[in-house]
Every structure is written in structure tokens, then in C-alpha cells.
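K.L.:
To start, I am sharing the structure in question, which I have written as C-alpha cells.
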Amino acid sequence: MTVAHTRTHPETLAPEALGPVTPEEAGLLKKLDLARLPRHIAVIMDGNGRWAQKRHLPRVAGHRAGTQSARTTIETCARLHVEALTLYAFSVENWRRPKAEIEFLMQLLRDYLRKEMPLIQKNNIRMRFLGRPEELPAAVQKDTREATAETARNTGMVLSIALNYGGRAEIVDAMNAILSERNGNAGAQAVTEELLARHLYTAELPDPDLLIRTSGEMRVSNFLLWQIAYAEILVTETLWPDFNRARLLEALLDFQKRERRYGGIDSERGAAAR
Ligand code: FPP
């Protein structure tokens, strides 16, 4: 299995790439090593409901506010030349929510795709959707297919929206894809980690280096179970609608302080043992 290493950026990325920044963002950008950003960032966007409750608003107002954080995160990551960003928008477990909230979320996604397409195109972003599309409403399936097709030739960041996604479902789907591929093929070889990874929804992407979860819960919630094997996990108390560009830059700075060992030992202890 390929382990995603921090990318060393070939060209120099100018801090101006982000456009106008606040003094707080400028201070954070100064500390950030733009050549050592994660290649793939995965985000569990949690806390929309609590954000709304705190303001005595209906839960759906939190989801609506959350789209602004999604926009900021997508644009900032694309401009920083992060290779892949994966956002957890709707899980296979989310069907247990009230029907009205599910319908709102589906419509919000459709509106979002329509409204944000110019920004996606302008930033050369390639969109894909991870999950089981066949269980989504027909109109959502159509819109997601179109967004995928319209951005298929873009060469910048890969933006994956996990929609009707479950980590266990993904592994089961990969196994079934392998079984149907080798139907009747008696000489088939053993299933390896590499073979399984090639059949996951994320096949061409590096594994996430950084998993961000907003709103404080210490859970993985069935997200990218296979792929986060070596990811750095960052849980922030910030609720998703409050996760602005400064909070994202802080998360990237935190990532750069971590020591990544991939099951080995750190270089100093390694040197001492040799
Ligand atoms: C979790 O908050 C959030 C969701 C289930 C939906 C995520 C959707 C968005 C952020 C908006 C759409 C995004 C895109 C990319 C179009 P929660 O409702 O579980 O919050 P709570 O834990 O406080 O109740």
C-alpha cells in the first residue's frame, strides 16, 4: 500500500496565492512552510446542528452556514496546491435523520453545486463523489454526474465529496468489485493490500495525511477507515460553520509540528539504535 508522504512542492508557492488576507491569517501564513503541506486533507465537517442551536436557529440553518466553511476550505486548499481534499457531506448512517433534514441537505448540495461551479472551474478543481450513488435521489445523481463530467478535464486539486458514504461499505464494495472482476478466473491471485486499495472509491488518491474533525468529538464515524491508517488526526473544538481560513491555517501549522513515523521509530532514536 502506498503511504502518502508530505509533498515537497516543486515550484515556489507565493503566499499571495490566497489573495487578500486578514492580519491574523498573514501571521499564520508567515509561520507555515508552504513546501510541506499535506498532500491529502480529509475533513469531518461536524457541529452544524450545535452551531444553530446555540443561536436558537433550526438545525438546517447550521448546514446552510456550513456551506460557507466548505467554500473557504475548498478555495484555500486549491490555492495552496493541496493535491486532494475530501469532505464528508453525508454518511450511510445519516439516512436516520428526520426526512425534512435529509431533503434539505440534498437540496443544499444541489444548490451548492450549481452556485459554486464557477469557483470550482476557476480554481481548476476536479470533482468526484465517493459513496453509493444508486441510493441517492435521481436528481442528486444527475447533478453529481454532471459536476464530475464538467470538471473531469481539470488538472488541479481533486475535491471528493463523500456522499452516502460509509467506510465499511467502501471496503465491502471493493471486495465485491474484486470478486466480480475475477468471476470464473480460477488462477486469480490472493487479495493484497495494494489490490484492495486499487478498488476503493479513492483508488487514484494518496491516503490522507491529515484528518480534521470539527466540534470536538473523538470519533472517526466510519470515514475513510482504510485510508486513514497513518493520517495525523486533528480534532478541534471549533464548530464547522466557524471553521474559517485562519482555523484551517492553524490546522496546517499543527500538522507541520507532528512527527510522522509510519510505524517506525523517530530518526534520532533510530540513529542511536544503529
Ligand atoms: C454534521 O453536522 C454535518 C452534516 C451531516 C452535513 C454536512 C454538510 C455541510 C457542511 C453542508 C454542505 C456541504 C457541502 C460540501 C455541499 P451535525 O448536523 O451532525 O452537527 P451536530 O453534531 O452539531 O448536530
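Quick note: the sequence shown, position 99, residue 1068 per my numbering, numbers continuous.
Even glycine gets a Cβ: it sits at the ideal position worked out from N, Cα and C.
Please work out which residues of its chain come closer than 8 Å, Cβ to Cβ, to PHE1192, disregarding the five sequence neighbours upstream and downstream, and give them in chain order.
P.N.:
If you number the sequence shown from 1, residue 1192 lands on position 223. Cβ within range, chain order: ALA1011, ILE1013, TYR1057, SER1060, ALA1131, TYR1134, GLY1136 and LEU1180.
K.L.:
DSSP on LEU1049, reduced to helix/strand/coil?
P.N.:
In the sequence shown, residue 1049 corresponds to position 80, counting from 1. It is coil, neither helix nor strand.
K.L.:
Can you find the residues in the same chain that come closer than 6 Å, C-beta to C-beta, to SER1184, ignoring five residues on each side of it along the sequence?
P.N.:
The count along the sequence shown starts at 1 and reaches residue 1184 at position 215. The residues are ASP1015, GLY1016 and LEU1208.
K.L.:
Could you tell me the boundaries of the alpha helix (DSSP H) in which TYR919 lies?
P.N.:
With the chain represented from 970 up to 1243, any question about residue 919 goes unanswered, as that position is not in the structure.
K.L.:
Could you give the first and the last residue of the continuous alpha helix (DSSP H) run that contains ARG1083?
P.N.:
On the sequence shown, residue 1083 is found 114 positions in, with the first residue counted as 1. Taken as a continuous stretch (DSSP letters only), the alpha helix (DSSP H) holding ARG1083 covers 1068-1091.
K.L.:
As a quick exercise: from GLU1186, MET1126, VAL1160 and GLU1173, pick the residue whose alpha carbon is nearest that of ILE1052.
P.N.:
Indexing the sequence shown from 1 puts residue 1052 at position 83. Before going on, a small fix: residue 1052 reads as Glu here, not Ile. Checking every option, the nearest Cα to that of GLU1052 belongs to MET1126.
K.L.:
Helix, strand or coil for ASN1133, going by three-state DSSP, please let me know.
P.N.:
Counting from 1 along the sequence shown, the entry for residue 1133 is found at position 164. It is a strand residue.
K.L.:
Mind reading off the beta-carbon distance from ARG1079 to ALA1039? Whole number of angstroms is fine, and I expect it under 8 Å.
P.N.:
Translated into positions along the sequence shown, residue 1079 becomes position 110. Translated into positions along the sequence shown, residue 1039 becomes position 70. Wrong, their Cβ atoms sit about 14 Å apart, outside the cutoff.
K.L.:
Flag ASN947 as yes when its Cβ comes closer than 8 Å to any non-hydrogen atom of the ligand FPP, and as no otherwise.
P.N.:
Because the chain in this structure spans residues 970 to 1243, residue 947 falls outside the shown range and cannot be described.
K.L.:
What residues in its chain sit with their C-beta under 6 Å from that of THR971, if we drop five residues either side in the sequence?
P.N.:
Position 2 of the sequence shown, counting from 1, holds the residue named residue 971. Low confidence applies here, because THR971 scores a pLDDT of 45, under 50, leaving its location unreliable and the question unanswered by this model.
K.L.:
Closer than 8 Å: is that where the CB of ASP960 sits relative to any heavy atom of the ligand FPP?
P.N.:
For residue 960 there is no data in the structure shown, the boundaries of the chain being 970 and 1243.
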